[in-house]
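So the structure is just underneath, and the comments pick up after that.
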Amino acid sequence: MPPRPPAAAQASAPPPATRGQLAQVRPPPAPCARRGPARLLLEEADLELDRGQPARALACAEEALRLAPRLVAGLRLRAEALVDLDRLDDARLALSRALAIDPDDAETLHAAADLYVARLPGDRATLELGLEYALRGARAAERRGRADAELTGALVLLAAMAENDLGESRAALAHAERALALHRGDVDAQYERGVALYELCRFDEARGALERVRAQKPEDAWTLHYLALVAERSGQGRHAEELERRARTLAPDELGGGVTIARADFEAEVRRAVAALPEVERRALQAVPLEVADVPALDDLTAVDPPLSPSILGLFRGPSEGEPCLPEDGPRCRSVVLYRLNLARFARSQADLSEQVRVTLLHELGHLHGESDDELRARGLE
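At position 382 of the sequence shown (counting the first as 1) the number is 1707 in this note's numbering, and the numbers step up by one without a gap.
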């Protein structure tokens, strides 16, 4: 057997599987401009983030962590730099480690809440986790007293954002107003307040809040969108169309969906959806009037507390089929309503509108059969 070559000689030759291939190597990180103890390196990382230099901030944070691997502030600043570099999985890991070391560090909880509420895709589980981080962070910041009012305000604002997205509008309103009390005139808090007021059917107050946002950010697409919804409910159809058209021009990827469909065409779409239902559901509908309306009536929305969202796609009125009708239910004890403008706005295409009409019908029939929203969500009929 020939003698084994020395280790240096072995390392110099690439293994056969990689010969002749191009290797993808991440470029070396930008150097940290400062040298010294971890504290100074973290100060530099913070400054680089403020300057919009996340690569340099990352280098400084990582250098600090080489000196002190369990430094929570270092892990947090590293995560914030990674977020700005769009390395979200790495940022999530850094924040998880920081919170494992100190679960109640308010700044780290703020960074985690911001990641889960404002940066990652907003599915329900992600938003719920972000909300928990925001609420825990706000409690931690409040324990420090008046000195951390700015951080508390930022955390309760993130809570309001998550709660609005989760449909918890009453809690969102309380947190948005708390954020405004701590950061008077904050435009983002005012926007979240306006959205919460709209969802709570307090339309005049919502218009006032959103107009204050528009005065500071006249080209904010989502503000214009909600103002369009308020105008639509006020019977200002032409003004609503102008606002919505401008909003979609400003944010075509987020607001560019929706279809236009006349009342007669929509009713024909509903008839096709009913004809395609399973036989058991068609029989159930024979005993329940099916109505079409443009938008939900205020009385229907405010019949429960908290009110239903004005953006609902459909509604089942009355008790489930297993419960008796009461005299106060009136002669039409049960009924199903589909909302043309809400469904048309929600759909991304004509084919999607057909699907949304079908799903909404099945959802409302589920309520007729006594199913809860959670049970319907589990069946994919949210």
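For each residue, glycine too, the CB sits at the ideal point set by N, CA and C.
The closest CA to that of Arg-1381, considering only Leu-1366, Glu-1604, Thr-1433, Ala-1423, is found on Leu-1366.
With fewer than three CB-CB distances shorter than 8 Å, the region 1621–1639 does not count as touching the region 1560–1575.
A distance of 8 Å or more separates the beta carbons of Leu-1445 and Ala-1484. Rounded to whole angstroms, Leu-1452 and Ala-1436 show a C-alpha spacing of 14 Å. Under the three-state reduction of DSSP, Leu-1651 is assigned to coil, being neither helix nor strand.
Sequence-distant Cβ neighbours of Ser-1494 in its own chain, meaning closer than 6 Å and more than five residues away, are Ala-1521, Glu-1524, Leu-1525. The Cβ atoms of Ala-1576 and Leu-1568 lie no closer than 8 Å to each other. Within its own chain, the residues whose Cβ lies closer than 7 Å to the Cβ of Ala-1534, once the five positions on either side in sequence are excluded, are Gln-1515, Arg-1518, Gly-1519, Leu-1522, listed in chain order. Counting only unbroken stretches of 4 or more residues, the alpha helix (DSSP H) elements lying wholly within the region 1413–1451 are 1413–1426, 1431–1439, in sequence order. Bounds of any beta strand (DSSP E) do not take in Glu-1646, whose DSSP letter is neither H nor E.
Listed as beta-bridge partners of Gly-1639 by DSSP are Leu-1663. Around the beta-carbon of Leu-1651, fewer than 16 other beta-carbon atoms lie within 10 Å, marking it exposed.
Nearest Cα to Val-1599 within the set Ala-1531, Leu-1505, Ala-1587, Leu-1686: Leu-1686.
Ala-1593 and Glu-1566 have their C-alpha atoms roughly 24 Å apart. Excluding the 5 residues flanking it on each side, Ala-1463 has same chain C-beta neighbours closer than 6 Å at Thr-1477, Leu-1480, Val-1481, in chain order. In the displayed model, Val-1613 falls within coil according to three-state DSSP, outside both helix and strand. It is roughly 12 Å from the alpha-carbon of Glu-1646 to the alpha-carbon of Glu-1689. With contacts defined by Cβ atoms closer than 8 Å, Arg-1683 and Ala-1601 form a contacting pair. Under DSSP, Ala-1618 takes part in a beta bridge, and its partners are Tyr-1664.
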